[in-house]
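Q: Quick one: the structure is below, and I'll ask about it shortly.
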Amino acid sequence: MNKLWLNFALNAPQIHSDVDEEMDLIHALLDAVDIHQTLTKNSLDLAAAFDLLIAAEYYKSVVHSGWVYCPSDDQPLLLYPYTNICPRCILKGKFEYHPANKPGSSGIGNATSKLLPLFIKTLLERNGKKVEIRKGIEPVDVFFIDRSTLPVTVFAAEIKASPLVTLPLAVISERMIEMGEGDEVAKHHSPSDLTQLFKARLFIYVPSQQVENVWSGKLYELGTKENPNDKFWSYRGIRQLVADRTFFSDYCSFWYAAFNSYEQKAANSVFWFTNACGQPVPRPDNWKRRRKGQGFESVSDSKSSVGMDRTDDIKKGIYQVLKISSEGKQPFPSAQDETSTMSEDFNLKVGIISNIHAVRHFEDYLKPLVDIVWTRENSRQIHTVADLDSSKPVFNLFDGIITLTQTLSRDDWVSSYFSFS
DNA sequence: ACCACGGTTCGGATTGGGCA
DNA sequence: TGCCCAATCCGAACCGTGGT
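Per our numbering, residue 31 is the first one in the first sequence, and the count goes up by one each step.
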């Protein structure tokens with residue numbers, strides 16, 4: 031039963047980016063947000079920008095397989111989608127199944143739980159705050175440390191990060207033909223390898239609204255992945271792209287629409303680009319069945335939810351903050367602890383950090399809990415606060431839930447420190 | 001250096017609640 | 001009642017860490 035994590039919070043290793051490309055992209059994204067936000071004043075820009083950072087991470091692992099050949103329009107494309115459909119056909123209202131290209135769980139978890147703290151740190155620093163982020167241990171993911179207060183304030187955070195959308199990659203293809211009944215015919219919509227991946231001109235496919243609810247894809251050039259070891263091609267590409275105001279403005283318009291449809295489960299074709307969009311409606315006759323059972327594939331499973339919106343994750347997060355608070359804010363006195371000297375005195379705050387607030391599940395899963403305060407008391411005779419020793423401290427279940435889209439705070443320090451604008 | 005361990009995310013399988 | 005889908009349960013794959 032040690033509380034090492036508490037004693038070493040101030041001395042834990044600092045989190046830093048070991049590659050320039052990451053910090054370069056973060057700054058470029060925040061520059062783009064600054065410029066765009068002065069025009070639109072839309073509070074979603076930060077979260078939209080963060081999705082591009084995750085996208086850069088996803089695009090790292092693009093491979094030759096997993097592309098879909100889409101012959102429609104005058105320009106055939108090979109597309110590399112991140113939900114289970116052809117992204118171009120869906121904009122015409124047609125569900126054309128093709129498996130999504132989510133990278134494996136392993137690397138991505140680590141990357142995002144580092145990228146979100148770095149993104150927030152950079153953001154706060156650009157607003158003139160001094161920020162230290164340190165690697166948490168045991169139940170804590172990351173510590174945010176504010177040394178401008180006395181005593182020092184330490185925010186112990188549980189991190190949950192997951193993108194709303196990852197836009198498909200695209201390459202321009204020549205029109206393909208195949209053998210039909212003894213004659214060559216135009217190749218139809220089908221899975222295909224991109225045999226010339228390296229040095230191919232890779233684009234991001236951005237849905238752009240023509241007229242009310244009519245969308246069509248625009249291609250923005252990202253650049254090239256030079257060879258298998260070219261890990262940061264997408265970081266370079268997106269950094270250059272976001273300097274283009276047209277791109278960022280188009281992208282944000284799309285992202286707002288996607289966010290709205292995610293929130294309302296609206297009947298909008300860009301809805302099908304968002305994670306956790308569920309089953310296609312109406313389901314086409316030839317829609318793919320699941321491997322087992324009589325169910326059908328989804329476009330994107332409700333489990334692959336957005337931000338902190340996965341139900342399992344909310345529950346896990348609440349347990350974590352409760353455990354951290356209980357151990358950290360009101361330590362059990364024990365002989366062992368008396369002898370161990372706390373390296374420094376600090377004020378502990380506890381909360382959850384995510385890219386996007388719990389849009390769908392706040393009402394059912396979080397709202398009933400937000401106003402809970404607690405204390406530890408082993409008497410069974412407590413029925414009102416008056417039964418408690420009046421000097422007994424009482425704590426918040428969490429001091430804040432900080433996300434790029436919305437901050438829920440129950441603490442003055444949290445409110446002022448994590449104000450993003 | 002190696003290994004065992006626990007933590008991460010993702011996604012397949014199962015459960016169960018709401019609705020026709 | 002039976003069907004459908006989101007919620008939940010659980011395991012795979014993988015990573016970092018701490019002990020030997």
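Quick reminder that beta carbons are idealized off the backbone N, C-alpha and C, glycines included.
1. In or out: residue 131 buried (at least 16 other Cβ within 10 Å) or exposed?
2. Pull up the distance between the alpha-carbon of residue 241 and that of residue 103, whole angstroms please.
3. What residues match up with residue 153 in a beta bridge as DSSP calls it?
4. Residue 328 to residue 230, Cα distance in whole Å?
5. Which value, in whole angstroms, describes the spacing of the CA atoms of residue 144 and residue 218?
6. Please classify residue 368 as buried or exposed, where buried requires at least 16 other C-beta atoms within 10 Å of its C-beta.
7. On the CB-based measure, 16 or more other CB atoms within 10 Å of its CB, does residue 128 come out buried or exposed?
8. Report the residue from 260, 227, 259, 274 whose alpha carbon sits nearest the alpha carbon of residue 250.
9. Of the residues 447, 356, 449, which one's Cα is nearest the Cα of residue 423?
10. Pull up the DSSP beta-bridge partners for residue 100, would you.
11. Grab the span of the alpha helix (DSSP H) containing residue 443 for me, first residue to last.
12. Helix or strand or just coil, what does DSSP make of residue 240?
13. Where does the unbroken alpha helix (DSSP H) through residue 118 begin, and where does it stop?
14. Taking a contact to mean a Cβ-Cβ separation below 7 Å, would you say residue 245 touches residue 121 in this structure?
15. Give every residue of the same chain whose Cβ lies closer than 8 Å to the Cβ of residue 236, excluding the five residues on either side of it in the sequence, and list them in chain order.
16. Measure the beta-carbon distance from residue 163 to residue 170 and round it to whole angstroms, keeping in mind my assumption that it falls under 8 Å.
17. For a test of the three-state rule: what should DSSP assign to residue 342, helix, strand or coil?
18. Based on Cα-Cα distance, which residue from 411, 193, 70, 150 lies nearest to residue 447?
A: According to the structure data:
1. Position 101 of the first sequence holds residue 131. Residue 131 comes out buried.
2. Against the first sequence, residue 241 aligns to sequence position 211. Against the first sequence, residue 103 aligns to sequence position 73. If you take the alpha carbons of residue 241 and residue 103, they lie about 18 Å apart.
3. The residue labelled residue 153 in the question sits at position 123 within the first sequence. According to DSSP, which records beta bridges pairwise, residue 153 is partnered with nothing at all.
4. Taking the first residue of the first sequence as 1, we reach residue 328 at position 298. Taking the first residue of the first sequence as 1, we reach residue 230 at position 200. Distance between the alpha carbons of residue 328 and residue 230: 31 Å.
5. As a first step, residue 144 is located in the first sequence; it is residue number 114 there, counting from the start. As a first step, residue 218 is located in the first sequence; it is residue number 188 there, counting from the start. One C-alpha to the other measures close to 42 Å.
6. Along the first sequence, one-based indexing puts residue 368 at 338. Residue placement at residue 368 is flagged as unreliable, the pLDDT there being 39, under the threshold of 50; the coordinate-derived value follows with that caveat. Counting of Cβ neighbours within 10 angstroms places residue 368 among the exposed residues, the total staying below 16.
7. The sequence position of residue 128 within the first sequence is 98, counting from 1. Buried, because 16 or more other Cβ atoms sit within 10 Å of the Cβ of residue 128.
8. By one-based count along the first sequence, residue 250 stands at place 220. For the residues 260, 227, 259, 274, the minimum Cα distance to residue 250 belongs to 274.
9. The residue given as residue 423 occupies position 393 in the first sequence. When only C-alpha atoms are compared, the closest one is 356.
10. As a first step, residue 100 is located in the first sequence; it is residue number 70 there, counting from the start. Residue pairing by DSSP places residue 100 opposite 107 in a beta bridge.
11. Indexing the first sequence from 1 puts residue 443 at position 413. Residue 443 -> alpha helix (DSSP H) spans 442-447.
12. The residue you call residue 240 lines up with position 210 of the first sequence. Reduced to three states, the DSSP call for residue 240 is strand.
13. The residue labelled residue 118 in the question sits at position 88 within the first sequence. It spans 117-121 - the alpha helix (DSSP H) in which residue 118 sits, taken as one unbroken run.
14. Along the first sequence, read from residue 1 onward, the residue named residue 245 stands at position 215. Along the first sequence, read from residue 1 onward, the residue named residue 121 stands at position 91. Against a cut-off of 7 Å, the Cβ pair of residue 121 and residue 245 comes out as a contact.
15. For this step, residue 236 is matched to residue 206 along the first sequence. 197, 247, 248, 249, 250, 277, 280, 281, 284, listed in sequence order.
16. By one-based count along the first sequence, residue 163 stands at place 133. By one-based count along the first sequence, residue 170 stands at place 140. Not a contact, Cβ separation roughly 12 Å.
17. Counted from its first residue, the first sequence places residue 342 at position 312. When secondary structure is reduced to three states using DSSP, residue 342 falls in the helix class.
18. Residue mapping note: residue 447 aligns to position 417 of the first sequence, counting from 1. Comparing Cα-Cα distances from residue 447 to each of 411, 193, 70, 150, the minimum goes to 150.
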